[in-house]
Amino acid sequence: MPRAYNFSPGPATLPEPVLERARAEMLDYRGRGLSVMEMSHRSPEFVEIAERAEADFRELLDVSDDYAVLFLQGGATLQFAMVPINLADEDSVVDYVHTGLWGTKAIAEARRLCRVNVAASSEEDNFNHVPPPETWRLSPGSAYVHITGNETIGGVEFHEYPDTGDTPLVADLSSTLLSRPLTVDRFGLIYASAQKNLGPAGITVVVARKDLIGRARPNTPTTLDYGAHAAADSMLNTPSTYAWYLTGLVLQWLREQGGVSAIAEVNERKASKLYAALDGSNFYRCPVAKRNRSWMNVAFTLADEALDEAFLRAAEARGLLNLKGHRSVGGMRASIYNAMPEEGVDALIDFMAAFEAENR
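Residues 3 to 362, numbered by our numbering, are exactly what the sequence shown covers, in order.
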C-alpha cells in the first residue's frame, strides 16, 4: 500500500530516500557483509559514520570548534538532569522560562538538583504564548537561563531567542533543531532528541560550549558528565549505533535539499498555509497566539469536540495518521517536521475542508 502521511509528534516521519537507503544497506553495508546494527562501534566503518554525521551537523549549522557536539542517549528527558548537574552547583540559582509541559518537566527535574527561579510563565493563559523577554524576572548571578524553544504538545514556539548577556542560554530545541538557520554561538548549550527532525528515537544531540563542560559536580556518575562524553567522542559506552547511522543519513539528505535555509523556506510555507486554513474557518480554531505559533507542531481544535473521533477516523481512512492531540490538552495536532512533504500538508488541508463541508 502507498505510504501514509504521518503527522506524529515523535517518533516522526522520516525522509523516504533515507528509508530506501537504509533498506538497501540493511543486510550488507558497503560490501562488508553485515549490517550497521551488527558492527562494532569501534570499527573503522562505524567511526567513519560517526565522524561524517558530526561533520555534516557542524556544516549545516555552522558550529564552530568552540563547541562540542555530542551524540548521547536518554532523550531530552535525561538532559533535564544533566544540564543542572554539569552547569550548576546545588546552591546555584538557575532561571527557567515556563511555556508548557516540557518546561514543567524540566523545571521539576532541576528543582531536585539546584535552586530554580521561574523567571516567566504563561501557565495562567494555558500556555498559549511565550512571555515577552522584557517581562522576565531573571536572577542576578544565575548559572544559566533555560528555555524550551518549541513546546511540542501545545504548539508554542520561540521565533526569536533572547540575549541573556554573560549568562549562558540553554535551550531544549528537540522539535525545531535543523528546521531553520540558527546562530549557535548565542547559546551556551543546546539539546535535542532526534525523533523529530534528526532521525529515529535513540539519539540526543547536545551542542555545548567547551568552556561550560568538564565542570560536573563532584561524585557525578561518569555517564552524566559532558566532559567525559566529549573526551570519549560520544563513545563512553556502546552508543545507539543504528540510530546514529540513520541520523547521519538524515543529515546527508538535508544537505541534498539545500541545507537549513532551503528547508526553512519549505517549512514556513507548510505552516503558513495550514494556519491560513485554520484562521479562514469557523469550524477549526488554533489557540496559540499568532506571534508564537509553531512551524513544527500545529495544534487546533474542532468547534464541536463531539466530532473529534469522527474526524480522526475519516483522516486515517485517507492515510492521514496520528493527528490526535496530546492527552493533556486534547484536540488535534499536526506535526509537520522537515520530512513531511508539502503535499502531505496540502492533503490535510483538503481533507479538513471536506470534513467541514460535511459536518457544519
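Note that the Cβ used here is the ideal one computed from N, Cα and C, for glycine as well.
- In this structure, the alpha-carbon of Ala232 lies about 15 Å from that of Ile205.
- For His131 against Ser124, the beta-carbon gap comes to about 5 Å, under 8 Å, which counts as contact.
- About 7 Å separates the beta carbon of Val208 from that of Leu191, a gap short enough to meet the 8 Å contact definition.
- Under the three-state reduction of DSSP output, Glu27 falls in the coil class, being neither helix nor strand.
- Judged by DSSP in its simplified three-state form, His231 adopts helix.
- Taking a 10 Å sphere around the C-beta of Thr137, we find fewer than 16 other C-beta atoms and assign the residue as exposed.
- Under the DSSP assignment, Arg335 falls in the beta strand (DSSP E) whose first and last residues are 334 to 337.
- In the three-state reduction of the DSSP assignment, Asp174 falls in the strand class, which pools E and B.
- Comparing C-alpha distances from Ala14 to each of Pro223, Thr178, Leu74 shows the shortest one belongs to Thr178.
- Rounded to the nearest whole angstrom, the CA to CA distance from Leu63 to Arg54 is 14 Å.
- Of the other Cβ atoms in all chains shown, fewer than 16 fall within 10 Å of the Cβ of Arg315; this residue is therefore exposed.
- Taking a cut-off of 8 Å on C-beta distances, the stretch 290 to 300 does not touch the stretch 322 to 332, as fewer than three cross pairs fall below it.
- Here Gly157 is buried, its C-beta having at least 16 other C-beta atoms within 10 Å.
- Going by DSSP, Ala108 is part of the alpha helix (DSSP H) stretching over 103 to 113.
- In this chain, the beta strand (DSSP E) harbouring Phe73 covers 69 to 74.
- Judged by their CB atoms, Leu253 and Phe73 are not nearer to each other than the 8 Å cut-off.
- DSSP, reduced to helix, strand and coil, places Asn88 within a helical segment of the structure shown.
- DSSP places Val147 in the strand class (E or B) of the three-state scheme.
- Within the model, the alpha-carbon separation for Ala210 versus Ala6 is close to 37 Å.
- If you look at Ala210, you'll find it in the beta strand (DSSP E) that goes 206 to 211.
- Nearest Cα to Arg25 within the set Asp67, Arg295, Leu248: Leu248.
- Scanning its chain for C-beta atoms nearer than 6 Å, with the 5 sequence neighbours on each side dropped, one finds around Gln81 the residues Tyr193, in chain order.
- In this model, Phe285 and Arg362 are separated by some 7 Å (Cα to Cα).
- Contact annotation: Ile155 and Val99 have beta-carbon atoms that are not nearer than 8 Å.
- Met354 is classed as buried because its beta carbon has at least 16 other beta carbons within 10 Å across all chains shown.
- Secondary structure of Asp348 (DSSP, three-state): helix.
- For the 8 Å CB-CB criterion, Thr243 and Val71 do not form a contact.
- Residue pairing for Thr303: DSSP places it in a beta bridge opposite Arg287.
- In this structure, DSSP gives Ser123 an extended state, which the three-state scheme calls strand.
- In this structure, the beta-carbon distance from Leu251 to Arg23 falls below 8 Å.
- Around the beta carbon of Asp127, fewer than 16 other beta carbons sit within 10 angstroms, so the residue counts as exposed.
- Per the C-alpha coordinates, the member of Ser236, Arg320, Gly77 positioned closest to Asp352 is Arg320.
- Among the bridge pairs identified by DSSP, Glu153 is matched with Val158.
- Between Ser176 and Ala78 a beta carbon distance of about 5 Å is seen, short of the 8 Å cut, so the two are scored as contacting.
- When Arg117, Asp93, Phe129 are compared, the shortest CA-CA separation from Gly105 is found for Phe129.
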